[in-house]
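A short write-up of the structure that comes next.
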Amino acid sequence: MRISEIGEFGLIDRIKKDTIVKPQDVLLGIGDDCAAYYGTSSDKVALATSDMLVENIHFILSAGSPRQLGKKAMAVNLSDVAAMGGIPRHTLISLGISPDTSVEFIEELAEGIKEEARLYEVNLIGGDTVRSPLGLIINIALIGEVESDLIVKRSTARPGELIMVTGDLGGSAAGLILLLEEKKCSLVPPPLAQEVKSIHLSPTPRLKEGRVMAREKVATSMIDISDGLASDLTQIGKASGVGAMIYAGKVPILPAAKRVGELLGVDPLSLALYGGEDYELLFTTLPEKADSIIKLIKEKLGTKVSIIGEIRDKEQGLKIKNLSGEIVDLQPKGYNHFSSFSTRG
Ligand SMILES: [Mg+2]
Numbered sequence: 181m182r183i184s185e186i187g188e189f190g191l192i193d194r195i196k197k198d199t200i201v202k203p204q205d206v207l208l209g210i211g212d213d214c215a216a217y218y219g220t221s222s223d224k225v226a227l228a229t230s231d232m233l234v235e236n237i238h239f240i241l242s243a244g245s246p247r248q249l250g251k252k253a254m255a256v257n258l259s260d261v262a263a264m265g266g267i268p269r270h271t272l273i274s275l276g277i278s279p280d281t282s283v284e285f286i287e288e289l290a291e292g293i294k295e296e297a298r299l300y301e302v303n304l305i306g307g308d309t310v311r312s313p314l315g316l317i318i319n320i321a322l323i324g325e326v327e328s329d330l331i332v333k334r335s336t337a338r339p340g341e342l343i344m345v346t347g348d349l350g351g352s353a354a355g356l357i358l359l360l361e362e363k364k365c366s367l368v369p370p371p372l373a374q375e376v377k378s379i380h381l382s383p384t385p386r387l388k389e390g391r392v393m394a395r396e397k398v399a400t401s402m403i404d405i406s407d408g409l410a411s412d413l414t415q416i417g418k419a420s421g422v423g424a425m426i427y428a429g430k431v432p433i434l435p436a437a438k439r440v441g442e443l444l445g446v447d448p449l450s451l452a453l454y455g456g457e458d459y460e461l462l463f464t465t466l467p468e469k470a471d472s473i474i475k476l477i478k479e480k481l482g483t484k485v486s487i488i489g490e491i492r493d494k495e496q497g498l499k500i501k502n503l504s505g506e507i508v509d510l511q512p513k514g515y516n517h518f519s520s521f522s523t524r525g
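Structure follows, in structure tokens:
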């Protein structure tokens, strides 16, 4: 069945089932002129973020299933709330859809969005659907909250603090290469290819980790890695007015990304530094707190945290000490072909 056969209202009727996960927080969900939800308490501030994804610019439909696409579109917004140390609460989804799209496709896409939202107790309270002659457009707005004294910004890193990152990097970039250049898959054992592809298609937002970091007041600044470690660290540097030194040998590269890089002749460190879309958290902390946060996050959540460098004075710029010991500028670049067909903002 085509979307044009059931129209906008028919489509909304199908999507609006099971959208409210926490009914006590919502007065009105989908179906009135506005949604209405109960506000945040006075000790908290509201967080809001939105992300627009356009077919053939940020994603290609052939790369994964519509359900995966929906889940990921939601996950990248959740990741932005994680990077503030916040709790996500409500979401609004707007879709631009070409009339010949099948109803089943959109239902699967919506299922993916709702599945990810449910996982983190986020209510789907509204949105819009419009006709789009140029392909699918997915716009997700996410509303969350965080205690005003616990919010973690980008602008509050100070010289002398350590730079840390959750998890391993480079998996998403390795997966994207294989999704875009199918011929290269023959060079990589199928389970390995599968592993990195699924990291690209199904990232996990680090909400629990972000929350622990905020509650324990250990992160002095934070950002999620969407554009790539080098680029996102540059954002912290700019916002905080600081420089930084990264030690290449300490950057945690996902073992599968390392192997795929080696098999394809791509430098694995470059995948980790410039590839992006790993959706790990990059944060800074006081040196005396580093060991305890590594232990705490490992014990509480099973997530690894690595120290990869330190914040320096602005005058020293952003540098990386290579494996050979040479110190060079850290360029806030990404691979050119990564700039298309990926959900990075
Ligand atoms: Mg972000």
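Residue numbers (this note's numbering): 181 to 525. Glycine included, every Cβ here is placed at the ideal spot set by N, Cα and C.
Buried or exposed (CB count within 10 angstroms, at least 16 for buried), residue i
i: Val256; result: buried
i: Ser259; result: buried
i: Lys251; result: buried
i: Glu185; result: exposed
i: Met181; result: exposed
i: Asp348; result: buried
i: Ser335; result: exposed
i: Arg269; result: buried
i: Glu361; result: exposed
i: Leu387; result: buried
i: Ala424; result: buried
i: Gly482; result: exposed
i: Pro370; result: exposed
i: Ala297; result: buried
Cβ-based neighbour list, residue i, same chain, cut-off 8 angstroms, excluding 5 preceding and 5 following
i: Arg247; result: Glu288, Leu289, Glu291, Gly292, Glu295
i: Glu442; result: Pro448
i: Lys430; result: Ser486, Ile487, Ile488, Gly489
i: Leu503; result: Ala428, Gly429, Leu449
i: Thr414; result: Leu498, Leu510, Pro512
i: Lys364; result: Ile357, Leu358, Leu444
i: Asp471; result: none
Span of the alpha helix (DSSP H), counted from its first residue to its last, around residue i
i: Ser486; result: Run containing Ser486: none in the alpha helix (DSSP H); it sits in the beta strand (DSSP E), 485-492.
i: Ser184; result: 183-195
i: Ser352; result: 351-360
i: Lys252; result: 246-262
i: Ala424; result: Counting along the chain, Ala424 falls outside any alpha helix (DSSP H), though it belongs to the beta strand (DSSP E) covering 423-427.
i: Lys475; result: 470-481
i: Ala290; result: 283-299
C-beta contact flag for residue i and residue j at 8 angstroms
i: Val261; j: Thr229; result: yes
i: Ile210; j: Thr199; result: yes
i: Val508; j: Lys499; result: yes
i: Thr346; j: Glu460; result: yes
i: Ala410; j: Leu314; result: no
i: Leu330; j: Ala394; result: yes
i: Lys224; j: Glu389; result: no
i: Ala354; j: Ala437; result: yes
i: Ile320; j: Leu227; result: no
i: Leu275; j: Ile305; result: no
i: Val392; j: Ile477; result: yes
Boundaries (first-last residue) of the beta strand (DSSP E) holding residue i
i: Thr526; result: Outside the modelled stretch of the chain, which goes from 181 to 525, sits residue 526, for which no answer is possible.
i: Ala337; result: Note, Ala337: premise wrong, no beta strand (DSSP E); not H, not E.
i: Ile323; result: 317-327
i: Ile267; result: 267-277
Span separating the alpha-carbon of residue i from that of residue j
i: Ile267; j: Val422; result: 28 angstroms
i: Gly445; j: Leu451; result: 11 angstroms
i: Ser222; j: Leu367; result: 56 angstroms
i: Gly350; j: Val234; result: 24 angstroms
i: Leu241; j: Ile426; result: 36 angstroms
i: Ser245; j: Val332; result: 34 angstroms
i: Ser312; j: Ala253; result: 18 angstroms
i: Cys214; j: Lys196; result: 15 angstroms
i: Leu316; j: Asp231; result: 14 angstroms
i: Glu506; j: Pro467; result: 24 angstroms
i: Leu434; j: Met264; result: 25 angstroms
Proximal residues to residue i (C-beta, below 7 angstroms), its chain only, five neighbours per side dropped
i: Glu188; result: Thr309
i: Ile183; result: Leu191, Ile277, Pro279, Thr281, Val283, Ile286
i: Lys202; result: Glu301, Asn303
i: Val376; result: Gly351, Ala354, Gly355, Leu358, Ala436, Ala437, Val440
i: Pro339; result: Val422, Ile491, Arg492, Asp493
i: Pro385; result: Ala255, Leu258, Ser259, Ala262, Tyr459
Nonlocal neighbours in the same chain, by C-beta distance under 6 angstroms from residue i, ignoring five residues either side
i: Arg524; result: Because Arg524 sits at a pLDDT of 45, beneath the cut-off of 50, its placement in the model cannot be relied upon, and the point is left open.
i: Lys469; result: Val398
i: Thr464; result: Ala337, Glu341, Ile343, Thr400, Ser401, Ile491
i: Ile474; result: Val485
i: Asn516; result: Unreliable placement is indicated for Asn516, whose pLDDT of 43 sits below 50; the coordinate value is still reported in the next sentence. So no residue of the chain qualifies.
i: Ala243; result: Leu359
i: Asp412; result: Ile403, Ile405, Leu462
i: Tyr154; result: The structure shown does not extend to residue 154, since the chain is modelled only from 181 through 525, so no value can be given for it.
i: Leu453; result: Leu409, Ala410
Proximity test, residue i beta-carbon vs ligand 2 heavy atom, cut-off 7 angstroms
i: Asp260; result: Inclusion of ligand 2 in the displayed structure is not the case, the ligand content consisting of ligand 1 alone.
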